[in-house]
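Engineer: Before we start, here is the structure in question, set down as structure tokens.
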């Protein structure tokens with residue numbers, strides 16, 4: 029499953045295309061999920077902001093999106109996201125495969141968990157990304173004409189405004205390497221849903237920490253996204269060709285095994301609501 033960020037609203041070269049609308053207890057998804065095939069592999073795609081980019085980062089129905097993807101039976105998600113660089117050595121048009129996240133969103137208003145209301149779970153999020161999926165993407169990146177960085181901290185801000193210069197420099201002092209607005213709570217929800225998850229971060233700008241440059245603008249982001257899209261489409265094809273190769277063992281599909289607390293009451297409406305998420309742990 030691929031989730032497309034800003035500038036990536038459809039996958040080209042998909043065969044046998046079908047649009048699927050999955051009803052969820054968390055409302056409608058960002059858009060219909062597109063199901064098709066690439067080289068005989070069944071592939072799903074969802075535009076995170078909607079196909080017409082009609083959703084702000086804080087308006088994206090993250091829970092509905094991940095719930096629908098889980099209901100479809102997908103076991104992995106590759107997120108394609110536009111980001112800004114907080115480091116001189118990470119340039120616009122570079123590709124970053126981050127390994128850590130810093131949450132600066134208004135996470136509660138975004139809906140950052142499937143649990144609550146009598147159903148309690150605390151999943152491990154020490155390593156937010158699937159190691160196997162990241163290793164696979166790394167190998168694929170070595171076969172495309174792009175400068176890529178394996179590892180890095182992605183700070184996720186609420187938006188929709190870009191950072192102030194003071195904020196940008198604060199994040200740099202924390203050790204953050206890139207900055208975006210949508211990886212959270214998406215990654216947290218994927219972990220709760222026991223879905224392997226990784227971000228392919230497409231760098232569009234230097235944010236606003238460089239004193240000699242003007243601040244980032246939407247126009248600049250869009251211009252560089254057009255070039256980044258050529259890279260992302262090549263990478264997506266390579267990922268599809270190699271997705272069945274296991275690089276590193278992961279336990280993403282067992283994330284809830286030791287996370288659920290207390291007894292699960294099947295009479296609880298909250299339990300029924302998230303049944304596809306927890307069904308294998310219900311006796």
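Numbering (our numbering), first residue to last: 29 to 311. From the three backbone atoms N, C-alpha and C, an ideal C-beta is built for every residue, glycine too. Remember, it's a predicted structure, so these values are computed and weren't measured experimentally.
For residue 183, tell me which candidate among 213, 165 and 163 has the shortest Cα-Cα distance.
Structural biologist: Here the closest residue by C-alpha is 213.
Engineer: Do you know offhand how far residue 176's Cα is from residue 90's?
Structural biologist: Whole-angstrom Cα-Cα distance: 27 Å.
Engineer: Which residues mark the beginning and the end of the beta strand (DSSP E) in which residue 225 is found?
Structural biologist: From DSSP, the beta strand (DSSP E) with residue 225 extends over 224-233.
Engineer: Measuring CA to CA, which of 308, 305, 34 and 206 is closest to residue 123?
Structural biologist: It is 206 whose Cα lies nearest to the Cα of residue 123.
Engineer: If contacts are defined as beta-carbon pairs under 8 Å, then residue 29 and residue 102 qualify, I think. What distance do you get, rounded to the angstrom?
Structural biologist: Sure, about 4 Å apart at Cβ, within 8 Å.
Engineer: With distances taken Cα to Cα, identify the nearest neighbour of residue 203 among 41, 97 and 195.
Structural biologist: Ranking 41, 97 and 195 by Cα distance to residue 203 puts 195 first.
Engineer: Kindly say whether residue 125, judged by its beta-carbon, lies nearer than 7 Å to any beta-carbon of chain C.
Structural biologist: Annotation note: the requested chain C is absent from the structure, which comprises a single protein chain.
Engineer: Judging by CA-CA distance, which residue of 296, 45, 51 and 293 is the nearest neighbour of residue 62?
Structural biologist: Comparing Cα-Cα distances from residue 62 to each of 296, 45, 51 and 293, the minimum goes to 45.
Engineer: Pairing CB atoms from the segment 153-160 with CB atoms from the segment 222-233, are three or more of them under 8 Å?
Structural biologist: As far as the Cβ criterion goes, the segment 153-160 touches the segment 222-233, which means the pair count is three or higher.
Engineer: Output the distance between the C-alpha atoms of residue 216 and residue 241, rounded to the nearest integer angstrom.
Structural biologist: Near 34 Å, if we compare the C-alpha coordinates of residue 241 and residue 216.
Engineer: Taking three-plus beta-carbon pairs below 8 Å as touching, is the segment 131-148 in contact with the segment 297-307?
Structural biologist: Short answer: they touch.
Engineer: Indicate the three-state DSSP secondary structure (helix, strand or coil) for residue 76 in the structure shown.
Structural biologist: Correct three-state label for residue 76: coil.
Engineer: Suppose the cutoff is 6 Å on Cβ atoms and the five residues either side in sequence are ignored; what does the same chain contact list for residue 134 look like?
Structural biologist: These residues qualify, in order along the chain: 186.
Engineer: Determine the closest residue to residue 88 out of 58, 71 and 132, with distance taken between C-alpha atoms.
Structural biologist: The option with the nearest alpha carbon to residue 88 is 58.
Engineer: So residue 178 is in the beta strand (DSSP E); what residue range does that whole segment cover?
Structural biologist: 176-178 is the span of the beta strand (DSSP E), which, as asked, contains residue 178.
Engineer: Would you decide whether residue 98 is buried or exposed? Buried here means 16 or more other CB atoms lie within 10 Å of its CB.
Structural biologist: Under this definition residue 98 is a buried residue.
Engineer: Since residue 121 and residue 231 should fall inside the 8 Å C-beta cutoff, what is the C-beta to C-beta distance between them, to a whole number of angstroms?
Structural biologist: That pair is a contact at about 6 Å.
Engineer: Candidates 163, 65, 190 and 60: which alpha carbon is nearest residue 77's?
Structural biologist: Comparing Cα-Cα distances from residue 77 to each of 163, 65, 190 and 60, the minimum goes to 60.
Engineer: Under three-state DSSP, which class holds residue 132?
Structural biologist: Residue 132: strand per DSSP, three-state reduction.
Engineer: So, helix, strand or coil for residue 110, using DSSP?
Structural biologist: Residue state, collapsed to three classes: strand.
Engineer: For residue 279, count the other beta carbons within 10 Å of its own beta carbon; 16 or more makes it buried, fewer makes it exposed. Which is it?
Structural biologist: Exposed, since its Cβ has fewer than 16 Cβ neighbours within 10 Å.
Engineer: Please state if the CB of residue 179 and the CB of residue 233 are separated by a distance shorter than 7 Å.
Structural biologist: In this structure, residue 179 does not lie closer than 7 Å to residue 233 by Cβ.
Engineer: Assuming residue 151 and residue 220 form a contact by the criterion Cβ under 8 Å, report the distance between their Cβ atoms to the nearest whole angstrom.
Structural biologist: About 5 Å; that satisfies the 8 Å criterion.
Engineer: Hey, quick one: how far does the alpha helix (DSSP H) through residue 247 stretch, first residue to last?
Structural biologist: Run containing residue 247: 246-270, per the alpha helix (DSSP H) assignment.
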